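Asks: First the structure, which I've put down as structure tokens, then a few questions once you've had a look.
Residue numbers (my numbering): 543 to 605.
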């Protein structure tokens, strides 16, 4: 299976992809990076530290 090009996806498309493919951590990080780089929308250090916890929660919801 070919990996989609996250750089060419709109934010809406990438978000939909992440929600549909919750096990794809690369997509999750691509979305997090994109959100972090947007002006006016900031992720705090505590948000970044919680990423492993958030991924675990997402995986548990998918099972």
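Ideal Cβ positions, reconstructed from N, Cα and C, are used throughout, including at glycine.
This structure is a prediction, so every number in the text was calculated from the model and none was measured.
Which residues mark the beginning and the end of the alpha helix (DSSP H) in which residue 591 is found?
Replies: If you number the chain shown from 1, residue 591 lands on position 49. Here the alpha helix (DSSP H) through residue 591 covers 587-591.
Asks: Can you give me the Cβ contacts of residue 563 inside the same chain, cut-off strictly under 8 Å, excluding the 5 residues immediately before and after it?
Replies: For the purposes of this step, residue 563 is taken as the residue at position 21 of the chain shown. So the qualifying residues of the chain are 569.
Asks: Alpha carbon to alpha carbon, how far is residue 544 from residue 586? Give it in angstroms, no decimals.
Replies: Start at 1 with the first residue of the chain shown, and residue 586 comes out as number 44. Start at 1 with the first residue of the chain shown, and residue 544 comes out as number 2. Going by the C-alpha atoms only, they are around 33 Å apart.
Asks: Quick check: is any heavy atom of the ligand HEM less than 7 Å from the C-beta of residue 565?
Replies: The model depicted lacks the ligand HEM and carries no ligand whatsoever.
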